[in-house]
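If you read the sequence shown in the numbering used here, its first letter stands for residue 591, the second for the next number, and so on. Heads up, the beta-carbon is just placed ideally off N, CA and C, and yes, glycines get one too. Keep in mind it's a predicted model, so treat the numbers as computed, not measured. Structure first, then comments.
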Amino acid sequence: QPTYLHDYQPPAYRVTHTELKFDLSSSATRVTARLHVERHPAHQDAGALPLVLNGEQLTLKRIAVDGEELEADEYAQDDATLTVHRVPESFLLDTEVEIDPAANTALSGLYQSSGMFCTQCEAEGFRRITFYPDRPDVMATFSTTVIGDRATLPVLLSNGNPVESGELPDDRHFVTWEDPHPKPSYLFALVAGDLKKVEDRFTTQSGRDVTLQVWVEEENLSKTDHAMASLKRAMKWDEETYGREYDLDLFMIVAVNDFNMGAMENKGLNIFNSAAVLTHPHTATDAAFQRVESIVAHEYFHNWSGNRVTCRDWFQLSLKEGFTVFRDQSFSADTNSAPVKRIEDVSMFRTAQFAEDAGPTAHPIRPDHYIEIGNFYTLTIYEKGAEVVRMLRNLLGWELFRRGSDLYFERLDGQAATIEDFVGCMSEVSGLDLTQFMHWYSQAGTPEIDAHGEYDYAKSEYHLTLRQRTAPTPGQPDKVALHIPIRMGLVGTKSGQDLKMTVDGESVGTDTVIHLREYEQHFVFTDLAEAPVPSLLRGFSAPVKLRFPYGREDLAFLLQHDSDGFNRWDAGQRLAMLALEDLIAAHRNGVEKVMDVRVVEAFRTLLTGETDDKAVLAEMLTLPSEAYIAEQQPVVDVDAIHAARTFVKQSLAYALRDEFMAVYRANQLDAPYAPEPQQIAARSLKNVALSYLVAIEDEEALSLAQAQFDADHNMTDVRSALTLLTHSSRNDLADPALRAFGEKWSHDPLVMDQWFSIQVTRPQADALDRVKFLMEHPKFSLKNPNKVRALIGAFASNRVNFHRIDGAGYRLLSDVVIELNKLNPEIAARLVTPLTRWQRFDEARQELMKAELERIRAEDLSPNVYEVIEKALAD
Ligand code: ARG
Ligand code: ZN
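Listed below in structure tokens is the structure:
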């Protein structure tokens, strides 16, 4: 039952206008639809064709063509489609169905969340609302009437502009909305509930006056400022950077508590997971403020990259997601610290996307088949897609890239496009041949580059050899060579400066891009003034793994002298990795662990030196995560990794206690909280320093953490302190703090999510018992995706405890997956991910993990979970 890219056909019929009427009621909502249907020109001469509509879990009450009720033999229905055997070239289709929003725990289609009605239609939720050609290449204007109880549902929203409203019998009322922009069904939205709004205005470049609204439950009205400010910044940025203006008089954001993902870009009515919109200094961390800013921007940017130009089919998902992630990353970089944004993004990418590429669900940015498209909202489609767009930007340079983007938006406006359309525009404006580059979209897996370099003193030449290889991935045993742009410099070992480089007699400056297109290529840099250390893949110029046999002195040198901030950070990470690898080996062999003094000295220099960017410094002082270290190991040894990393952290803390303490004290802030770059930098630096000191359970550090918790200045500091206390062995400090925090915030679901996560990510052996205990907590619910992520998802990221050798962690996860498979398949399929990575572990753990996958396989599975499990167990 997979769907294949190569089977794509235009639809037989298209819908030009859609009229909907919703009569809302919890378990029996009536949806009346009138579709203006006509034969698609591509099938004009095909003879008679039946009309096939998608529809799931709908109770059909009425169906008529051009006003004539259909007889039972004139149409057929199964659990996924409705077929009308004979229809005219152009006609009106009327249907009426009944649906049950209260029973919708999958949160796809129309559902209820904390009493309000809301929708999630991407990718294939609209078919749970009404019978429809539910595919993105069918684009219609919509007119939607929403009817509900005046008392419980005072606010009735849909896409576009409100054009009519009024009272109805039985204390009911209605609002009619019109969206003049043709859109696919996945961008439809409806919200009804007892909501309050904050309102603001934005005047576009060309003078359109836009009303901005953020709709929330009354108690959250004080948490909307940052989202509103972010929205206005995003609107301005998109005008200035991409020349894109908003195109309606009204733009709405709604916060809902139960939501499968971050947010959704429905035309004019963005619906957000409350976690992705609500902030307050006392409830949200700096990271949460930044996440809200980037998601608000992301959804807003979709208005052009996604809505005005949409996707022809779901295989093109990265067309809108990769481009929009690239746009939101650029926005955040411009708004905050650009180097830190890049470090954070790459750090996450190299940990999680590389892991996806190395596992059984590896897929290209444009997959060629799927069973359940809901399983493809992945790091590969989103983040690797964004990296590929970033490479295009760098290949073309900003000006040509912007011209390509203008051409794309102009030429494909109002259409459903493909990735070829996008790359074609880039190629057209630049004259670049992007044929080989297109393989980035079709080939799965992470390219690995082995680099070797040699300096020829006699000739003053540097010889660099690069070899690329992409390991086989499921269904793709053979890989082609990719076009990989590698930004680089050569740093002089004497001067510490970037050297002027000459290639083939031509000067290429001190920072250049070399293009690896073959499996193996040789580059010669001539006329060098001194011996260099190469700085390769600056700014992470391509989503690859690059190995180079750096010595530790080389890395310490680059850490000091590389002119590229990103590579300076990366040199530190590589240096720490070398030390960690030794310690992992020592742990396995039962040899005494010895700390590498070069790492200590590098840290001392960082801690005592001058810095102009504290946020970057905080990143440099952060050791590679256990998950990242695991990615570098041929066989993941969970316990050795944890022991090695803890040893490095503690050794650094013992050796540099006073230095860490000085940094902590120097970065205390008195100013009122603001989520602005300077303050964020100081807080992260201070809290990183404290984390080292608490790692050795230094008494003074513990009391500083306690004091920081008690001071209750802002959530960033409180959460940091509470995490450090909870992750120490000092239950006498952790337990009272957790109790106080839990009581204080029991009314706030988003803060309680943090409270759940902090407890179940502690390294102590009781983490699993805490999960079981907290699953019974009155504030926990399997029906709320945020709670599932906060408790179960967070526990699965607790490496030592999830991978317990008795298998209890795996069992707990699979028990939850089995429950969720029935309630919310999309969340269940995501949650199972850590188990699918079984090949990466030792044999004992492999057997335990596979046994749990088999146990899940024996259930009556949703397509979502089925697809993931089959891939995970395929050999
Ligand atoms: N298009 C949304 C976003 O990136 C994601 C929605 C996906 N939803 C889902 N249930 N699969 O911004
Ligand atoms: Zn998106």
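Starting from the C-beta of alanine 713, find all residues in its chain whose C-beta is less than 7 Å away, skip the five residues before and the five after it, and write them out in chain order. To locate residue 713, count along the sequence shown from 1; it is residue 123. Excluding sequence neighbours, alanine 713 sits near Tyr776, Trp904, Ile963 and Gly964.
State the start and end residues of the unbroken beta strand (DSSP E) segment that holds tyrosine 1052. Looking up residue 1052 in the sequence shown gives position 462. Run containing tyrosine 1052: 1051 to 1060, per the beta strand (DSSP E) assignment.
Who are the Cβ neighbours of glutamate 768 in its own chain at under 7 Å, not counting the five residues just before and after it? Within the sequence shown, residue 768 is the residue found at index 178, counting from 1. Shown here for glutamate 768: same chain residues with a beta carbon closer than 7 Å to its own, the five before and five after excluded, namely Ser733, Gly750, Asn751 and Val753 in chain order.
Could you tell me the alpha carbon to alpha carbon distance between leucine 1259 and alanine 1279, rounded to whole angstroms? The residue labelled residue 1259 in the question sits at position 669 within the sequence shown. The residue labelled residue 1279 in the question sits at position 689 within the sequence shown. Distance between the alpha carbons of leucine 1259 and alanine 1279: 15 Å.
Closer than 7 Å to a non-hydrogen atom of ligand 1 - does that hold for the CB of asparagine 1454? Locating residue 1454 in the sequence shown gives position 864, where the first residue counts as 1. Flag unset: Cβ of asparagine 1454 not near ligand 1.
What span of residues does the alpha helix (DSSP H) with tyrosine 776 cover, start to end? The residue you call residue 776 lines up with position 186 of the sequence shown. That residue, tyrosine 776, is in no alpha helix (DSSP H); it is neither H nor E in DSSP.
Do you know offhand how far glutamine 647's Cα is from arginine 718's? Here residue 647 refers to the residue found at position 57 when the sequence shown is read from its first residue. Here residue 718 refers to the residue found at position 128 when the sequence shown is read from its first residue. If you take the alpha carbons of glutamine 647 and arginine 718, they lie about 6 Å apart.
Is the separation between the beta-carbon of alanine 1230 and that of arginine 1178 shorter than 8 Å? Sequence index remark: in the sequence shown, residue 1230 carries index 640 (1-based). Sequence index remark: in the sequence shown, residue 1178 carries index 588 (1-based). Contact flag set, yes.
Would you identify the three-state DSSP class for valine 1238, choosing helix, strand or coil? Indexing the sequence shown from 1 puts residue 1238 at position 648. DSSP, read as helix, strand or coil, puts valine 1238 in helix.
Does the beta-carbon of threonine 968, which I'm using as the reference point, lie nearer than 7 Å to any heavy atom of ligand 2? Residue mapping note: residue 968 aligns to position 378 of the sequence shown, counting from 1. False, no ligand heavy atom lies under 7 Å from that Cβ.
Do methionine 1185 and ligand 1 come close, with the Cβ less than 7 Å from some heavy atom? What you label residue 1185 is simply residue 595 of the sequence shown in a count that begins at 1. Methionine 1185 has its CB no nearer than 7 Å to any heavy atom of ligand 1.
Ligand 1 and serine 698: does the residue's C-beta get closer than 7 Å to at least one heavy atom of that ligand? One-based indexing of the sequence shown puts residue 698 at position 108. Serine 698 Cβ: within cutoff of ligand 1.
Pairing CB atoms from the segment 1058 to 1070 with CB atoms from the segment 990 to 1002, are three or more of them under 8 Å? Flag = no, the segment 1058 to 1070 and the segment 990 to 1002 do not touch.
So, is serine 884 buried or exposed, given that buried needs 16 or more other C-beta atoms within 10 angstroms? Numbered from its first residue, the sequence shown carries residue 884 at position 294. With 16 or more other Cβ atoms within 10 Å, it is buried.
Alpha-carbon to alpha-carbon, arginine 1059 and lysine 1135: Locating residue 1135 in the sequence shown gives position 545, counting from the first residue. Locating residue 1059 in the sequence shown gives position 469, counting from the first residue. Each residue's CA atom was taken as its position, placing lysine 1135 and arginine 1059 some 10 Å apart.
Rounded C-alpha distance that separates alanine 1419 from valine 1458: Locating residue 1419 in the sequence shown gives position 829, where the first residue counts as 1. Locating residue 1458 in the sequence shown gives position 868, where the first residue counts as 1. If I take the Cα positions, the gap works out to 7 Å.
Does the distance between the C-beta of glutamine 710 and the nearest non-hydrogen atom of ligand 1 fall short of 7 Å? Walking along the sequence shown from the start, residue 710 turns up at place 120. Indeed, a heavy atom of ligand 1 lies less than 7 Å from the Cβ.
Ligand 1 heavy atoms versus the CB of glycine 858: any closer than 7 Å? Here residue 858 refers to the residue found at position 268 of the sequence shown. Between ligand 1 and the CB of glycine 858, the shortest heavy atom gap is not smaller than 7 Å.
Please report the distance separating the alpha-carbon of leucine 1246 from that of tyrosine 1282. By 1-based counting over the sequence shown, the position of residue 1246 is 656. By 1-based counting over the sequence shown, the position of residue 1282 is 692. Approximately 9 Å, taken between the alpha carbons.
For glutamate 946 versus threonine 970, is the C-beta distance shorter than 8 Å? Your numbering for residue 946 matches position 356 in the sequence shown. Your numbering for residue 970 matches position 380 in the sequence shown. Yes, these two residues count as a Cβ contact at 8 Å.
Using a threshold of 7 Å, is the CB atom of threonine 900 nearer than that to any non-hydrogen atom of ligand 2? Mapped onto the sequence shown, residue 900 falls at position 310. False, no ligand heavy atom lies under 7 Å from that Cβ.
I'd like the list of long-range same chain contacts for leucine 1207, defined as Cβ closer than 7 Å, with 5 residues on each side in sequence excluded. Looking up residue 1207 in the sequence shown gives position 617. Cβ within range, chain order: Leu1196, Thr1201 and Leu1275.
Go through the segment 1196 to 1284 residue by residue and report every complete run of the beta strand (DSSP E) that reaches 3 residues or more, in order. Qualifying beta strand (DSSP E) stretches: none in this window.
Residues that DSSP places opposite glutamate 1038 in a beta bridge: Locating residue 1038 in the sequence shown gives position 448, counting from the first residue. DSSP lists Arg1059 and Lys1135 as partners of glutamate 1038.
Glutamate 1216: beta carbon under 7 Å from a heavy atom of ligand 1? One-based indexing of the sequence shown puts residue 1216 at position 626. Distances between the C-beta of glutamate 1216 and the heavy atoms of ligand 1 are all 7 Å or more.
Tell me whether the beta-carbon of valine 804 lies closer than 8 Å to the beta-carbon of alanine 824. For the purposes of this step, residue 804 is identified with residue 214 of the sequence shown, where counting begins at 1. For the purposes of this step, residue 824 is identified with residue 234 of the sequence shown, where counting begins at 1. It is not a contact, given that the beta carbons lie outside the stated cut-off.
DSSP beta-bridge partners of cysteine 708: Position 118 of the sequence shown, counted from the start, is the residue given in the question as residue 708. Cysteine 708 pairs with Tyr701 and Val781.
Taking only the alpha-carbon atoms, compute the straight-line gap between arginine 1077 and valine 978 and give it to the nearest angstrom. The sequence position of residue 1077 within the sequence shown is 487, counting from 1. The sequence position of residue 978 within the sequence shown is 388, counting from 1. Arginine 1077 and valine 978: Cα-Cα distance of roughly 15 Å.
Taking 8 Å as the CB-CB cut-off, is histidine 1053 touching chain D? Of the protein chains in this structure there is only one, and it is not chain D.
Does the distance from the CB of alanine 887 to the CB of phenylalanine 921 come in under 8 Å? In the sequence shown, the residue the question calls residue 887 occupies position 297. In the sequence shown, the residue the question calls residue 921 occupies position 331. Cβ atoms of alanine 887 and phenylalanine 921: closer than 8 Å.
Cβ-based neighbour list, lysine 1373, same chain, cut-off 8 Å, excluding 5 preceding and 5 following: As a position in the sequence shown, residue 1373 is number 783, starting the count at 1. Answer for lysine 1373: Thr695, Asp848, Leu1413 and Asn1414, listed in chain order.
Taking the alpha helix (DSSP H) that alanine 928 belongs to, which residues open and close that run? For the purposes of this step, residue 928 is taken as residue 338 along the sequence shown, with counting starting at 1. 928 to 938 is the extent of the alpha helix (DSSP H) around alanine 928.
Short check: CB of proline 1368 to CB of phenylalanine 1392, under 8 Å? On the sequence shown, residue 1368 is found 778 positions in, with the first residue counted as 1. On the sequence shown, residue 1392 is found 802 positions in, with the first residue counted as 1. Result no, Cβ atoms of proline 1368 and phenylalanine 1392 do not sit closer than 8 Å.
Exposure of isoleucine 1395, with buried meaning 16 or more beta-carbon neighbours within 10 Å: One-based indexing of the sequence shown puts residue 1395 at position 805. Per the 10 Å Cβ criterion, exposed.
Using beta-carbon positions only, say whether alanine 1061 and glycine 1035 come within less than 8 Å of one another. In the sequence shown, residue 1061 corresponds to position 471, counting from 1. In the sequence shown, residue 1035 corresponds to position 445, counting from 1. In this structure, glycine 1035 lies closer than 8 Å to alanine 1061 by Cβ.
Isoleucine 1174 versus threonine 951 - alpha carbon distance: As a working note, residue 1174 is residue 584 in the sequence shown. As a working note, residue 951 is residue 361 in the sequence shown. The straight-line gap from Cα to Cα measures roughly 28 Å.
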